[in-house]
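Chemist: Numbering (this note's numbering), first residue to last: 7 to 233. For every residue, glycine included, the Cβ atom is placed at its ideal position computed from N, Cα and C. My structure is below; once you've seen it, I'll send some questions.
The following block contains the structure:
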């Protein structure tokens with residue numbers, strides 16, 4: 007039987023993680039924690055909020071595990087730092103993977119991973135530690151996602167791809183077959199990458215610009231009015 011868990015974080019990400027942990031993954035969430043300077047209330051989502059600095063005094067690592075629910079600040083490095091600090095306190099970091107994600111049996115993932123449904127993950131995929139996979143992401147066969155990455159909704163990773171550690175893929179980012187993305191890369195929304203990227207590269211596309219017509223004017227002259 008799994009231990010009760012403590013969630014590090016009291017933001018929107020922590021709230022989403024709490025939902026899946028408690029409602030889909032069978033975890034008992036005992037409390038939240040965060041650095042003392044960020045505590046503004048003694049409760050969150052109906053549970054106690056405890057300073058991370060002395061969390062082990064109230065919730066021993068012998069009886070509780072932890073999950074670090076922090077966003078992609080500083081290309082996921084803040085979350086990675088908190089994972090290291092939690093481990094140094096003696097906590098085991100759990101992964102929260104929704105059964106509805108329906109991962110193939112031979113998919114491998116590390117600690118502090120968060121995988122939401124619905125997503126498409128093929129067999130023979132390897133996911134490192136502290137990787138967040140948001141709803142609608144697709145990971146094709148024999149791809150490898152290294153530690154501390156964040157894959158947002160509807161990003162598409164083709165077969166035999168490597169995503170380097172700390173990288174961030176925004177909504178609808180697409181990576182072509184056998185491409186290697188270096189560590190610390192940022193792929194913006196709607197980007198398409200078909201060649202290898204060196205460490206620390208940024209790929210973005212210009213946002214779609216609004217046309218001069220307002221929506222009512224556009225509908226009057228467009229074929230949408232015939233539907």
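Restricting to Cα atoms, I'd like to know which of 28, 106, 123 and 101 is closest to residue 114.
Modeler: 101
Chemist: Please classify residue 85 as buried or exposed, where buried requires at least 16 neighbouring CB atoms within 10 angstroms.
Modeler: Result: buried.
Chemist: Short check: CB of residue 199 to CB of residue 181, under 8 Å?
Modeler: yes
Chemist: Under 6 Å Cβ to Cβ from residue 149, same chain only, skipping five residues before and after it: list those, please.
Modeler: 131, 163 and 167
Chemist: Considering only heavy atoms of the ligand MN, does any lie closer than 7 Å to the CB of residue 20?
Modeler: Because no ligand of any kind appears in the structure shown, any question about the ligand MN cannot be addressed here.
Chemist: Does DSSP classify residue 65 as helix, strand or coil?
Modeler: coil
Chemist: So, at 6 Å on beta carbons, what are the nonlocal neighbours of residue 10 in its own chain, with the 5 sequence-adjacent residues on each side left out?
Modeler: 34, 36 and 70
Chemist: For residue 97, which of helix, strand or coil comes out of DSSP?
Modeler: coil
Chemist: Taking 7 Å as the limit between beta carbons, can you name the residues of its chain near residue 93, skipping five residues before and five after?
Modeler: Same-chain partners within the cutoff: 99.
Chemist: Checking the sheet assignment: what are the DSSP bridge partners for residue 157?
Modeler: 139 and 175
Chemist: Do you know how far the Cα of residue 103 is from the Cα of residue 90?
Modeler: The alpha-carbon separation between residue 90 and residue 103 amounts to approximately 21 Å.
Chemist: Comparing C-alpha positions only, which one of 120, 81, 107 and 108 sits nearest to residue 13?
Modeler: 120
Chemist: By Cβ distance below 6 Å, which residues in the same chain neighbour residue 155 in space, the five residues on each side in sequence not counted?
Modeler: 137, 169 and 173
Chemist: Take the Cβ of residue 190 as the centre, count every other Cβ of all protein chains shown within 10 Å, and call the residue buried at 16 or more, exposed below.
Modeler: buried
Chemist: Which one of 171, 55, 142 and 58 has the shortest CA to CA distance from residue 151?
Modeler: The residue with the shortest Cα to Cα distance from residue 151 is 171.
Chemist: Could you say which of 124, 187, 146 and 62 lies nearest to residue 153 if we only look at CA atoms?
Modeler: Cα-wise, what sits closest to residue 153 is 187.
Chemist: In the DSSP assignment, find the alpha helix (DSSP H) that holds residue 19 and state where it starts and stops.
Modeler: 18-29
Chemist: Using only alpha-carbon positions, find the residue among 123, 42, 26 and 141 that is nearest to residue 106.
Modeler: 123
Chemist: Can you find the residues in the same chain that come closer than 7 Å, C-beta to C-beta, to residue 75, ignoring five residues on each side of it along the sequence?
Modeler: 13, 14, 15, 19, 20 and 23
Chemist: Span of the beta strand (DSSP E) holding residue 71?
Modeler: 71-74
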